Amino acid sequence: MAREWTQEMRYELARLVQAHTVNNRISWQFIQEDMKEKFGEYFSVSSLRMQNRDYIEGGRKKKVVQPKVEVPKVAESTYNEKIEFNNGHWQSDRLIQMSEEQKKDPDFLLEAHGFDPCEWELINAKSSLWHQRNKKDQFNTSDKPVLLYSNKITVKPREEKSIDWDEIIENIQSNVAPYEIESDYIDEPERKHLIVPLYDMHFPITTYEEYMETQQDIINLFENGYHQILFVIGNDLFHHNDHRNRTASGREIQHADMTEAWKMACDFYEPILTFAQRKAFGVEVVYVPGNHDETFAWAFSKYLEARFPQIWFDNQMETRKVTMVGRNMIGMTHGDKAVKELPMLFATEFPSEWAEASNRETFIGHLHTEKTVTYGSEDIRGVTIRRMPTRNKADKWHTENGYTMANRRFQLVEYTDTETSAIYYV
Numbered sequence: 037m038a039r040e041w042t043q044e045m046r047y048e049l050a051r052l053v054q055a056h057t058v059n060n061r062i063s064w065q066f067i068q069e070d071m072k073e074k075f076g077e078y079f080s081v082s083s084l085r086m087q088n089r090d091y092i093e094g095g096r097k098k099k100v101v102q103p104k105v106e107v108p109k110v111a112e113s114t115y116n117e118k119i120e121f122n123n124g125h126w127q128s129d130r131l132i133q134m135s136e137e138q139k140k141d142p143d144f145l146l147e148a149h150g151f152d153p154c155e156w157e158l159i160n161a162k163s164s165l166w167h168q169r170n171k172k173d174q175f176n177t178s179d180k181p182v183l184l185y186s187n188k189i190t191v192k193p194r195e196e197k198s199i200d201w202d203e204i205i206e207n208i209q210s211n212v213a214p215y216e217i218e219s220d221y222i223d224e225p226e227r228k229h230l231i232v233p234l235y236d237m238h239f240p241i242t243t244y245e246e247y248m249e250t251q252q253d254i255i256n257l258f259e260n261g262y263h264q265i266l267f268v269i270g271n272d273l274f275h276h277n278d279h280r281n282r283t284a285s286g287r288e289i290q291h292a293d294m295t296e297a298w299k300m301a302c303d304f305y306e307p308i309l310t311f312a313q314r315k316a317f318g319v320e321v322v323y324v325p326g327n328h329d330e331t332f333a334w335a336f337s338k339y340l341e342a343r344f345p346q347i348w349f350d351n352q353m354e355t356r357k358v359t360m361v362g363r364n365m366i367g368m369t370h371g372d373k374a375v376k377e378l379p380m381l382f383a384t385e386f387p388s389e390w391a392e393a394s395n396r397e398t399f400i401g402h403l404h405t406e407k408t409v410t411y412g413s414e415d416i417r418g419v420t421i422r423r424m425p426t427r428n429k430a431d432k433w434h435t436e437n438g439y440t441m442a443n444r445r446f447q448l449v450e451y452t453d454t455e456t457s458a459i460y461y462v
């Protein structure tokens, strides 16, 4: 229930605002303490601010009538604040109300000068007492001292700690027990191949439990018996690129537990790769960088490489990749770059595969929607671009941008040695 403000409360707030305003900055923490001490109630800072500012009623602005209170002028009103940039560092000079403990708190000093402690590092600080005044007067029986300090600090941006990913991967691979799996594949005259392009999974926004049915459907498909199974991983397998909730571009987005996300990805992929090795003559895994998880997913693919030494892995960081499945040219890219130019880009960058292929297809994702387009002319033999759907549920960005009407599913594609033969939804 909203508090009923009395006229006495409004008068007292008006008096305290005048008493605790220094260089046009209001010390709401002191006002909050004094209001609680006088009236025996808790006042939130937001409610104090709201009562102090103009309010709207009947479409017209009205001001709370505040009594004129004579407050002695003090020397701090003439303090000259400064902020300067010098030799790669910022220097700030302000008058600050603080306690003896706060003087020793680097985070407090940074925030008092308007710097985020997560982004800035305190190099040095110097404080000297500028003014001390008791707040005790005819309106207040408290004798808490107000200590005003001339505070000067020097700060610099925090440096990102460089990550030695090669060392991390070496540690992972040296401590991972590899699977040794026997294949029971029986070669058949008419070979079949399966592409498993699971785009935009975004662990842990969508959890392993929500993908368990998909996992089982994929494993069941392997019973068809395939000569070659190709997995396309990466492509925003994870929602973030690090543990600070940032994408590969450094943009902070919806928060998520990336330690749990790694475990979910292991629970999903390890059984699938195990069954694939048992049922296929050959298994390949191609990593494709996504715009969310470029490095995080790359590290995961290196982990899988150590876990499954019998599988062939492509962990290179190229944006566009190609592999041959029989005489089918399979192109892969995330789908956030140069989409309109893809047919000519693949023809230019992979001329040997393009010339050898009897069937050319490219898989893209990124938009979480399904679309298939075939390009062709007298001069350019056709290439089919498959924009892949996803079973991932919409995150905040995709919801705000209206990508919520697509079917939630993954698309797997089956090939003979020379052409597309079937599409499966899982």
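Position in the sequence shown counted from 1, then plus 36, gives you the numbering used here. Where is the CB? At the ideal position from N, CA and C, for every residue including glycine. Keep in mind it's a predicted model, so treat the numbers as computed, not measured.
For the 9 angstroms CB-CB criterion, alanine 301 and phenylalanine 239 form a contact. Contact check for arginine 422 against threonine 405 fails: the beta carbons are separated by 9 angstroms or more. With respect to the C-alpha of glycine 286, the residue from Met237, Arg227, Asn327 and Asp70 having the closest C-alpha is Asn327.
Setting aside the 5 residues that flank it on each side, serine 128 is surrounded in the same chain by Ile119, His149 and Ile189, each with a C-beta closer than 6 angstroms to its C-beta; the list follows chain order.
For glutamate 392, the closest alpha carbon among the candidates Phe382, Glu377 and Arg363 is that of Arg363.
Counting only runs of at least 4 residues, the stretch 369-429 fully encloses the following alpha helix (DSSP H) elements, listed from N- to C-terminal order: 378-385 and 387-392. Here the stretch 225-236 lies against the stretch 270-284, with 3 or more beta-carbon pairs under 8 angstroms apart.
In the DSSP assignment, serine 457 falls outside any alpha helix (DSSP H) and within the unbroken beta strand (DSSP E) covering 456-461. Spatial neighbours of threonine 426 in its own chain (CB-CB distance under 6 angstroms, excluding positions within 5 residues in sequence) are listed in chain order as Tyr235, Asp236 and His404.
Between the alpha carbons of aspartate 278 and leucine 52 lies a gap of roughly 46 angstroms. Sixteen is the threshold: since fewer than 16 other Cβ atoms of the shown chains lie within 10 Å of the Cβ of arginine 61, the residue is exposed. Straight-line measurement puts the Cα of glutamate 216 at about 29 angstroms from the Cα of glutamate 246. Listed in chain order, the non-local C-beta contacts of asparagine 160 below 6 angstroms within the same chain comprise Thr190, local neighbours out to five positions each way being set aside. Contact check between the stretch 310-330 and the stretch 253-268: three or more CB pairs, one atom from each, fall below 8 angstroms, which counts as touching. Within its own chain, the residues whose Cβ lies closer than 6 angstroms to the Cβ of phenylalanine 151, once the five positions on either side in sequence are excluded, are Val191, listed in chain order. CA-to-CA, the gap between histidine 125 and glutamate 157 works out to about 10 angstroms. When Asn88, Trp41, His402 and Glu77 are compared, the shortest CA-CA separation from serine 63 is found for Asn88. By the 16-neighbour rule on beta-carbons within 10 angstroms, lysine 338 is buried. The beta-bridge partner set that DSSP reports for phenylalanine 274 consists of Phe239.
Spatial neighbours of arginine 356 in its own chain (CB-CB distance under 6 angstroms, excluding positions within 5 residues in sequence) are listed in chain order as Thr369. Taking C-beta atoms as the reference points, glutamate 77 and arginine 46 fail to come closer than 9 angstroms. Close CB contacts of tyrosine 305 within its chain, under the 7 angstroms cut and outside five residues either way in sequence, are with Leu340 (chain order). Among the bridge pairs identified by DSSP, glutamate 157 is matched with Lys192. Per the C-alpha coordinates, the member of Leu448, Ala213 and Glu354 positioned closest to valine 324 is Glu354.
Counting along the chain, no alpha helix (DSSP H) covers lysine 139, and no H or E run does either. Taking all protein chains shown into account, phenylalanine 121 has fewer than 16 neighbouring C-beta atoms within 10 Å of its C-beta and is therefore exposed.
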